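Just so you know, the sequences run in chain order A and B.
Note that my numbering has the first sequence beginning at 37, numbered continuously upward.
Note that my numbering has the second sequence beginning at 37, numbered continuously upward.
Idealized CB from N, CA, C, for every residue including glycine.
Keep in mind that this is a model prediction, so the values were computed, not measured.
Following: one structure in structure tokens, then a few remarks.
2 protein chains.
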Amino acid sequence: MVSVVDVAKAAGLSAGTVSQILNCQDARYSPRTRQRVQDVARHLGYQPNRMAQKLVTQTSRTIGVLFQDLTYSSANEMLLGMLPVFQKAGYDHEISVSFWDLDLERRDVEAARQLRLDGLIAVPLPGPGAAYAEAIANGMPVVFVSDHLAAIPADSVCVDGADAACRVTRHLLERGHRRIAYLGVKSESLQLLDRHSGFRRAMAEANLPVPKEYELWGKVNNIPSIEKRVQQFLKLPVPPTAIVAVSDPVATQGLGMLHRQGAAGQIALAGIGDVPMSDHDCISLTTVSEPVREMGRRAAERILERLNHHELAPAPIRLRGKLIVRDSTPVPQ
Amino acid sequence: MVSVVDVAKAAGLSAGTVSQILNCQDARYSPRTRQRVQDVARHLGYQPNRMAQKLVTQTSRTIGVLFQDLTYSSANEMLLGMLPVFQKAGYDHEISVSFWDLDLERRDVEAARQLRLDGLIAVPLPGPGAAYAEAIANGMPVVFVSDHLAAIPADSVCVDGADAACRVTRHLLERGHRRIAYLGVKSESLQLLDRHSGFRRAMAEANLPVPKEYELWGKVNNIPSIEKRVQQFLKLPVPPTAIVAVSDPVATQGLGMLHRQGAAGQIALAGIGDVPMSDHDCISLTTVSEPVREMGRRAAERILERLNHHELAPAPIRLRGKLIVRDSTPVPQ
DNA sequence: CTGAAAGCGCTTACAG
DNA sequence: CTGAAAGCGCTTACAG
């Protein structure tokens with residue numbers, strides 16, 4: 037690989053000079069030298085060694101971005117929100133994915149530290165989040181896109197889950213539903229617990245009791261378990277006329293089952309979160325969409341802010357979702 | 037940040053000793069020293085500076101993985117295929133996304149060079165691919181997951197598009213369809229052109245002519261333009277009884293439009309590529325799925341192979357898709 | 001079994 | 001306007 041020294045030799049100059057000319061345009065060198073360096077560098081196909089640069093300048097100017105997976109295009113949207121912010125501030129970013137694996141996540145967080153990244157934006161796994169706590173204790177700024185890890189002193193941006201669930205439930209109430217059930221999944225996620233309490237709040241506001249057989253929990257990412265719950269609801273002596281599902285994947289799975297059994301339209305079904313599939317005309321799921329792109333933007337802005345003010349108190353940034361009424365929530369039959 | 041020197045000082049040893057003990061377990065040091073170094077390192081929260089390591093060892097042991105976007109979870113699947121391969125070989129990976137932007141893509145490829153990555157696996161933009169050609173000319177091994185850039189001397193893995201289209205067309209023929217139309221999108225992608233020729237091949241095999249009004253092209257990622265084409269087909273004096281769409285997104289958009297107009301089931305529709313949405317019971321699109329995870333695995337294996345044998349001739353690795361028959365392709369009415 | 005020294009490729013004061 | 005020197009944090013022969 038060609039180095040600054042190679043360029044310098046070829047141009048008959050010193051390495052320092054080459055470095056200056058290639059990096060800062062306001063260095064005072066003769067136009068002639070300047071030109072020669074540019075020419076030689078291009079001619080030799082010189083590419084600076086970023087490792088050496090980062091090492092010597094003691095800064096990576098890079099933010100790590102950690103996702104759990106790349107499904108549902110929310111990672112895509114989030115990045116789209118961050119990119120312009122990083123770009124404008126002259127920061128690079130480095131993506132890693134830990135696939136819901138605690139070990140991989142720990143490794144990714146450690147990698148961020150070893151690469152001396154300036155900060156880390158993470159969609160964390162629920163749990164104690166020891167790796168993050170350690171990173172933060174060692175001075176790495178962290179912004180969570182989630183409220184899972186409320187115990188860790190980091191910024192967090194996410195949508196208000198209680199508000200989202202409350203709004204979608206109110207929508208069903210406004211449509212005239214009175215017997216509304218809640219379909220959750222077993223999880224420690226605060227976000228998901230909040231959604232449940234939002235549902236409860238809306239029902240309480242309407243002075244409607246929620247019998248305990250109207251609240252069921254399935255297993256995450258387990259389609260049969262979700263379908264079974266929906267069937268349980270339908271088989272009740274007095275079945276609900278509407279279901280609020282904890283998430284769009286859960287809701288669309290329920291919808292799919294109804295469709296397969298020729299029972300489509302029999303019960304109103306709403307989700308929370310909005311995924312690309314929900315918008316399809318054949319599914320058309322009423323839901324509350326999360327402003328994922330804006331979340332990305334806010335997270336990026338916040339971490340840059342923190343880079344300049346390490347002493348900032350951790351802030352919980354809460355955004356509001358947006359109710360999207362589609363066809364899956366007709367008035368009660 | 038604590039460095040080897042700090043650890044060495046605290047342990048009353050030299051930096052070299054600390055380095056040896058922390059890195060290779062087969063170095064010959066007294067168990068006592070060994071233990072002390074481990075303890076001190078842990079106690080001080082030592083994290084090696086990867087930049088310095090990479091610089092001095094002259095190798096990053098990292099493969100770059102470049103995507104155009106993170107939608108449809110194919111990036112997710114592809115990574116899932118690569119991960120175990122990298123893991124086993126002791127390689128890291130670095131993800132970047134260029135969002136179908138030629139400038140961003142160029143920047144990402146250059147970043148890979150500046151970071152001295154050992155190799156690059158890329159889903160490239162169609163076009164000349166100058167950045168890749170340059171990287172390859174400078175000795176960077178590249179594996180494309182695509183056949184867009186056939187002119188560039190790199191390995192490529194992708195599914196046989198002609199075969200996929202041919203198989204799905206044959207399926208329609210077997211179901212008794214004779215008037216089969218093709219709905220494409222305007223693109224320079226070889227993969228997409230192949231699909232079209234596969235359709236033609238299957239029709240030719242069946243001795244069926246393809247009138248030119250039975251082949252229409254919409255715009256990529258433009259829903260109205262796709263829907264308009266479907267309507268054009270339907271309004272024909274002798275409309276087709278089935279449509280082969282160039283991709284699942286195109287097919288599901290067509291399906292959605294039919295559903296919205298109450299014309300669902302009026303015409304058989306098949307896609308190519310399989311996306312999560314296609315499997316939903318409400319959509320149930322017949323298609324040819326791509327073994328994306330295996331593609332990732334093969335790409336990863338190939339680039340590691342190339343790392344050890346720089347002289348390998350570029351190989352086109354072609355996989356077969358798998359026909360998945362769902363409900364969207366009933367027999368003709 | 002351990003240490004001193006050189007060097008990876010770069011940037012940055014400091015001289016001149 | 002340009003060069004020589006030091007040093008970022010690490011690893012790797014080489015001595016002893």
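Under 8 Å between C-beta atoms of residue i and residue j
i: residue 154 of chain A; j: residue 96 of chain A; result: yes
i: residue 191 of chain A; j: residue 333 of chain A; result: no
i: residue 287 of chain B; j: residue 234 of chain B; result: no
i: residue 162 of chain B; j: residue 224 of chain B; result: yes
i: residue 101 of chain A; j: residue 118 of chain A; result: yes
i: residue 324 of chain B; j: residue 211 of chain B; result: no
i: residue 106 of chain B; j: residue 106 of chain A; result: yes
i: residue 219 of chain B; j: residue 282 of chain B; result: yes
i: residue 354 of chain A; j: residue 196 of chain A; result: yes
i: residue 47 of chain B; j: residue 40 of chain B; result: no
i: residue 244 of chain B; j: residue 279 of chain B; result: no
i: residue 171 of chain A; j: residue 178 of chain A; result: yes
i: residue 156 of chain B; j: residue 148 of chain B; result: yes
i: residue 322 of chain A; j: residue 277 of chain A; result: no
i: residue 316 of chain A; j: residue 57 of chain B; result: no
i: residue 85 of chain A; j: residue 289 of chain B; result: no
Best match in the options for proximity to residue i [C-alpha to C-alpha]
i: residue 129 of chain A; options: B:197, B:133, B:89 and B:277; result: B:133
i: residue 251 of chain A; options: A:262, A:141, A:359 and A:116; result: A:262
i: residue 274 of chain B; options: B:237, B:289 and B:214; result: B:214
i: residue 248 of chain B; options: B:217, B:230, B:329 and B:335; result: B:217
i: residue 240 of chain B; options: B:226, B:202, B:272 and B:90; result: B:202
i: residue 303 of chain B; options: B:115, B:90 and B:267; result: B:267
i: residue 135 of chain A; options: A:93, A:317, A:175 and A:103; result: A:103
i: residue 360 of chain A; options: A:314, A:289, A:335 and A:345; result: A:314
i: residue 112 of chain B; options: B:254, B:327 and B:43; result: B:327
i: residue 93 of chain B; options: A:87, A:291 and A:246; result: A:87
i: residue 77 of chain B; options: B:45, B:292 and B:98; result: B:45
i: residue 237 of chain B; options: B:198, B:363, B:256 and B:68; result: B:198
N-terminal and C-terminal residue of the alpha helix (DSSP H) that residue i is part of
i: residue 285 of chain A; result: 284-296
i: residue 47 of chain B; result: 40-47
i: residue 145 of chain A; result: 138-150
i: residue 235 of chain A; result: 226-241
i: residue 261 of chain B; result: 259-271
i: residue 86 of chain A; result: 86-93
i: residue 54 of chain A; result: 51-59
Segment limits, beta strand (DSSP E) that includes residue i
i: residue 251 of chain A; result: 251-254
i: residue 168 of chain B; result: Careful: residue 168 of chain B lies outside any beta strand (DSSP E), inside the alpha helix (DSSP H) at 166-173.
i: residue 304 of chain B; result: 304-306
i: residue 100 of chain A; result: 98-103
i: residue 354 of chain A; result: 352-355
Beta bridge counterpart(s) of residue i as assigned by DSSP
i: residue 69 of chain A; result: Answer is none; residue 69 of chain A lacks a bridge partner.
i: residue 194 of chain A; result: A:354
i: residue 128 of chain A; result: A:98
i: residue 322 of chain A; result: A:306
i: residue 278 of chain B; result: B:216 and B:304
i: residue 180 of chain A; result: A:158 and A:192
i: residue 359 of chain A; result: A:324
i: residue 221 of chain B; result: B:254
i: residue 133 of chain B; result: B:103
Of the residues that make up the stretch 206-219 of chain A, which ones have a beta carbon closer than 8 Å to any beta carbon in chain B? none
Name, going along the chain, the residues of the stretch 280-299 of chain B whose beta-carbon falls closer than 8 Å to a beta-carbon of chain A. 288, 291, 292, 293, 295 and 296
Please list, in chain order, the residues of the stretch 72-89 of chain B that have any C-beta partner in chain A closer than 9 Å. 81, 83, 84, 85, 86, 87, 88 and 89
Mind listing which residues of the stretch 312-325 of chain A have their C-beta closer than 8 Å to chain B's C-betas, in chain order? 312, 313, 316, 317, 318 and 319
With 8 Å as the C-beta to C-beta threshold (strictly closer), list the residues of the stretch 144-163 of chain A near chain B in chain order. 146, 147, 149, 150, 151 and 152
For the stretch 103-114 of chain B, which residues have a CB atom closer than 7 Å to at least one CB atom of chain A, in sequence order? 105, 106, 107, 109, 111 and 112
Going along the stretch 348-362 of chain A in order, which residues come within less than 9 Å of chain B, judged by CB to CB distance? none
Compile a chain-ordered list of the residues in the stretch 129-145 of chain B whose CB is closer than 8 Å to at least one CB of chain A. 130, 131, 132, 133 and 135
Where the stretch 54-65 of chain B meets chain A: residues whose CB sits under 9 Å from a CB there: none
If contact means a Cβ-Cβ distance below 9 Å, which residues of the stretch 174-201 of chain A contact chain B? 174 and 175
Output, in sequence order along the chain, the residues in the stretch 89-100 of chain A whose CB is closer than 7 Å to any CB in chain B. 90 and 91
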